[in-house]
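Chains as they are written, first to last, in the numbering used here: chain Y, -19 to 370; chain G, 759 to 1095; chain X, 1117 to 1425. Yeah, the Cβ is synthetic: ideal placement off N, Cα and C, and Gly gets one too. Notes follow the structure.
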C-alpha cells in the first residue's frame, strides 16, 4: 500500500494536478463555514467592482485612532482629483489653445495646473465657444462638476453630526483620524465584486462549484454526452420550470449519456476476457469476483478514469449550456456555474458594463477542474501501467 | 576470385541507453560476401545479429550509433557518410533491408502499386507513372507474383503474399545487397517455402547481387545460404560453408547450436538433444576474457581472462577460441563415444 | 583481429571437461507402448461452431481422439487449423457444440462451477506467450503462492512456503531468492516460461496442456524447456498434450502425433509412422515443406501464384 502511494505521487504532473484540485476542493468545503451568507442574497445595487467596501456610517461610529501618514495629503488630493480628471483638465486647456507644455498630471504640478485652470475656465465661456471634445452638454456638465470640486477646500474642517434636534452631538473629524477596519461594524470584502443582482460573486462561485462537486461525489454515474443534448433539452422543457431542481438536472444529464462509456468499457473488457492470464486465473479456480477485480479492472482502470474525467468536463459544460439557454435548474434555489454564466450574459456583463469578474472566474473554474483532473490522470500512468515504472 | 559485393572491416556500433551507458552490440565485426552468394547469420536473441543488419545500411537511428569500422559496398565506402546522402544514394539502391515482421509495415489504406511509386519518387528517378507500372508488372511477373496484386490493398493478401510483396518492393531498384531479418518466421511452412523460393530466384537471376539472411532457425539456413556465420554477444564466433557449419562445427557454441536442431527425419529421435544452460553476458559490462566462457563446457580458468582471437584456417573458415582445431575435435570425438 | 596461426593459446585437458548429464534431454520412456495404458482423455465427434452474425465458422469438425495416461501427445497444425479451439475445449474453458469428451473413460461432466474447479485440479496449462500469461500488477511471488493455496497449503507457515517455492524454482534452474518481489516484466521470456513450468511442478496436475510453449523462445533455450517438461512427465506420470506447429519438435518428443487441418484430424499415430511415412496428402505436403538437413528440401513444388488470404 505504501509502495502504491509512493508510485501515485511519483509523477510531478500528478502532484501538480492533485494540488490544484485539492486547493479548489478545500476552498469549496471550508469557505461556507466562514461566510455563511446566502449566496443568492443581493447585497449591492448592480455590478460592483472587486474591492473592499466599508460602511461610512459605521466608520463614523467607530473609535478613532490618531495616525500620521506622511503621504496623507497627497493621497487626499489624489482621491479628490484623480489623474483621470487632471487629464481632462489638460485636454480642455489644450482645446482652448492654452500653452500646457509645462504642465502635466503629476502631484508636483498640481497647484500650477489648478492656477492655470482657474485663469482659463469659465462656465459661460465653455458653453458659448464649444471647444473641441467638449461640445456636448454632458461634457460641459462634467467640467462644471470638476470645477466645483476644485473649489472645495480639501483640508476644510469637517465634522459629523449625529442625531437630530436638541440631542444632536457634533464631533470634529481631523485629517489624522483613522479607524481600524476590523472595528467597523459593517464592512465587506468583495474580491470578485458583485454580479448584476448585486450578489457577491465569490461566494456564489464557491457555492456553485461546491454543489457541483457534491453531486459528482454522491451520484455515481454522472456521464454527459453532447449528442444526447437534444434529448436533454426536450425532456427538460417538458418538465416545466418548477421541478427543475439541481438534482433533477444532474440525474437527467446522467441518464441520457451513460451509453457511450458503457459501450467502450464493455468492448475493452471483452478483449481482456480472452487473455491468457485470465484463462490461467480461471484454471486456478479463482471466483468470478476475484477475476474481475484483480485481472480485469486494473487493466481498464486507466481507461475508465479517463472516460470519467472527460464526462465530468462535458457534464459541467452541458449543464452550463442548458442554463445559458434558460433550461437549467431553478434559479431561485442555488447558483450553478452555468447559471452564473447565464446571468452574466443576460445582464450584459460582457457587452455593456465590462464586469469581467462576473463571468471570467466561472470560466477559469471550469477549466481548472478539467485541467487538474486530466493532469492527475496523466500522472497516474505509472500506477495504471506497471511496465512503465523505472 | 569473384567480385566482393560487401566488405565489412572491424565494424563497431553501440546503443546509448537512457542512462547514458554504452552498449557495444556489434563489436569489431568483419565479414565479406562475394557476388552471387548468400550469407546466413545465426545466433540467439540479443547476440547482435539484428543490430548488425541495421548497422550495415549505413543509416543510424538513435539510440544506435556508429563508432568505428568500414562498410564497403561494391567498392564504395559508405561508412561515415552524411545520413541524407545515404538515404538518397544507398538505401534501396545499393542496400535493401527487410526488418522483422515487415509484412505488417504496409499501409493498409493504399494499394500495393502506390508503394512502388513512392520508392521511385524517393530516389528521384525520372520515370512517369506508366513506366513505373510497366516496370512493376515486369518485375512481378519475373518473380512469379500475380500482377493483380499491384491493385490490391495489403489486407486483401495472405501473410506469405504480403511478405513477398514487401520484398519485391524493397528490391525494385536491384540493390547490390539484400539484408533480410527473419523474413519467414511469422509464416506457416508453406508460405515460408514461397518466400524462400522467391528470394533464391532473385539471387540466381541477378536482381540482387548478394544476400544476408538472418534467422535463428538453422535448418532453414542450411537450405538457403551458401555460408553460415554464428554470432554470440556481439562478436563472430565462427564462419564457414553451410555444410561445414552444420556437420562439422568447431566452436563449442556452434556445436551446441547445431546439436539442438530438430528435424522430422529418421535418426532425430535417437540423438540426445543438448541444451546450452545459462544466459549471454550483459553487454554493458562485457567480460574480460572469452564471452562464452561462463557457459562453455570446456572452459579453463585461462579462458575467462584472455580474449580469444579469431583464427582464420583458410577456405573462408574462421572461429574464435583459444584452443586449436585439433584439440577441440579430439574432445568432441571423445564425447561422442 | 584475424590471425593465421593455429597455435593453441591454452591447453585443454580432456579430463577436466565437465560431464553434466543434465544437459541432455531425458529419454526415460522413449519406446513405451502407451496404448496399453488406461485412457485419460478421449473424444468422439467433438465439434465447435462459432456464429458471428451471418457468418458460421466450424473451428473443430467432429474429431475423435484417445489420450492415454502418461503419454506425450502432440497436436500439429498450422495457424487456423483449430488447435487452439480444441485446446480450450479440452481445458474446459469452452463447451463443445456437439460430440462428447470423456475423462478417464466416463463422460466428462463440468456443468457447474464447483465441478469445473474440481476438474481443474487435475488439468493445467502453459500458454504460448509468456508475457501475457502474467498479471502485470502482481509480483511473481503471488503466482507461486496461488499454487500452494490451490493444493491446500494456505495455512502453512511462511518458511515452509518459501521452501516449496525455492524447490520449484530450482527444478527449472531459477533462483527464487533472486526473483522474489520482482514483477513479471522484469524477467526475460525464457525465465517467465520456466516459471510457468515451476508452477506446474507445484501443482502436479495429472494432465498438462502446453500450447506452443517454445515458439516464442530461442532455439538454444528451447531444449532446456523441453527437458524440464519431459522430466516432469517422467517423475509424475503426467499426461502431456503438446500443441505446436513445429513438426521437427513434435517428431522428437512425442509418443503419438495428431495432424490437424481445418478442424479435422487428418492423420494420427506414432511419430515414426506419421512423419516418415505419411499417408494423408496434407501430411505429405506438410512434411515436404519443412526444411531438413539430411534430405533435400524441394522448392519446386511451390505454387507462387496463389495469393488469396
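Item: Go to residue 898 of chain G, then tell me how far its alpha helix (DSSP H) extends in each direction, as first and last residue.; Value: 887 to 901
Item: Buried or exposed: where does residue 2 of chain Y fall if 16 or more other Cβ atoms within 10 Å of its Cβ makes it buried?; Value: exposed
Item: Rounded C-beta distance between residue 1261 of chain X and residue 1284 of chain X? I'm assuming under 8 Å.; Value: Not quite, the Cβ-Cβ distance comes to about 11 Å (not below 8 Å), so this is no contact.
Item: Classify residue 1384 of chain X: buried if its beta carbon has 16 or more other beta carbons within 10 angstroms, exposed otherwise.; Value: buried
Item: Applying a beta-carbon distance threshold of less than 7 Å, which residues of chain B neighbour residue 1022 of chain G?; Value: Included in the structure are the protein chains Y, G and X, with no chain B among them.
Item: Checking contacts by CB at 9 Å: is residue 765 of chain G closer than that to chain X?; Value: no
Item: Less than 9 Å between CB atoms is the rule here; does residue 1297 of chain X satisfy it with respect to chain G?; Value: no
Item: What's the C-alpha gap between residue 991 of chain G and residue 345 of chain Y?; Value: 58 Å
Item: Taking 8 Å as the cut-off, does the region 912 to 929 of chain G touch the region 967 to 974 of chain G (at least 3 CB pairs, one atom from each stretch)?; Value: no
Item: Kindly say whether residue 1158 of chain X, judged by its beta-carbon, lies nearer than 9 Å to any beta-carbon of chain G.; Value: no
Item: To the nearest angstrom, how far is it from the Cα of residue 998 of chain G to the Cα of residue 1014 of chain G?; Value: 16 Å
Item: Just to check my reading of the structure: residue 897 of chain G and residue 930 of chain G have Cβ atoms closer than 8 Å, yes? What is that Cβ distance to the nearest angstrom?; Value: 6 Å
Item: Measure how close the beta-carbons of residue 808 of chain G and residue 939 of chain G come, nearest whole angstrom, since I'm counting them as under 8 Å.; Value: 6 Å
Item: Quick check on residue 875 of chain G: does DSSP put it in helix, strand or coil?; Value: helix
Item: Considering Cα atoms alone, identify which of Y/268, Y/246 and Y/256 is closest to residue 287 of chain Y.; Value: Y/246
Item: Contact between the region 1201 to 1216 of chain X and the region 1235 to 1249 of chain X: three or more CB pairs below 8 Å?; Value: yes
Item: For residue 803 of chain G, which residues in the same chain have their Cβ closer than 8 Å to its Cβ, ignoring the five residues on either side in sequence?; Value: 974
Item: Please look up how many angstroms separate the CB atoms of residue 1029 of chain G and residue 1009 of chain G, rounded, as I've assumed it's under 8 Å.; Value: Incorrect: roughly 20 Å between the Cβ atoms, too far for contact.
Item: Where does the unbroken alpha helix (DSSP H) through residue 927 of chain G begin, and where does it stop?; Value: 917 to 928
Item: Quick check: what's the CA-CA separation for residue 1378 of chain X versus residue 946 of chain G?; Value: 14 Å
Item: Please determine, among Y/268, Y/68 and Y/367, the residue with the shortest C-alpha to C-alpha distance to residue 119 of chain Y.; Value: Y/68
Item: Grab the span of the beta strand (DSSP E) containing residue 825 of chain G for me, first residue to last.; Value: 822 to 831
Item: If you drop the 5 nearest sequence neighbours on each side, which residues of the same chain put their C-beta closer than 7 Å to that of residue 1160 of chain X?; Value: 1180, 1215 and 1216
Item: With a threshold of 9 Å between beta carbons, is residue 1337 of chain X in contact with chain G?; Value: yes
Item: CA-CA distance, residue 62 of chain Y and residue 342 of chain Y?; Value: 32 Å
Item: Check the Cβ of residue 1209 of chain X against every Cβ in chain Y and list those closer than 7 Å, keeping chain order.; Value: 259 and 262
Item: May I ask you to report which of helix, strand or coil DSSP gives residue 1209 of chain X?; Value: coil
Item: Whole-angstrom Cβ separation of residue 1348 of chain X and residue 1317 of chain X, contact assumed at under 8 Å?; Value: 6 Å
Item: Give me the chain X residues within the contact set of residue 243 of chain Y, using Cβ-Cβ distance strictly less than 7 Å, ordered along the chain.; Value: Correct list: empty, because the minimum Cβ distance to chain X is about 18 Å.
Item: Verify the CB distance criterion: does residue 255 of chain Y have a CB-CB separation below 9 Å to chain X?; Value: yes
Item: Taking C-beta pairs closer than 7 Å, name the residues in chain Y that residue 1240 of chain X reaches, listed in chain order.; Value: 263
Item: So, is residue 82 of chain Y buried or exposed, given that buried needs 16 or more other C-beta atoms within 10 angstroms?; Value: exposed
Item: Residue 1323 of chain X and residue 1342 of chain X look like a contact to me (Cβ under 8 Å); what is the Cβ gap, rounded to whole Å?; Value: Rounded, the Cβ-Cβ distance is 18 Å, inconsistent with contact.
Item: Would you tell me roughly how many angstroms separate the C-alpha atoms of residue 361 of chain Y and residue 282 of chain Y, rounded to the nearest one?; Value: 8 Å
Item: Would you verify that the beta carbon of residue 274 of chain Y is, or is not, closer than 9 Å to some beta carbon of chain X?; Value: yes
Item: Can you name the residues of chain G whose CB is closer than 7 Å to the CB of residue 1343 of chain X?; Value: 1033
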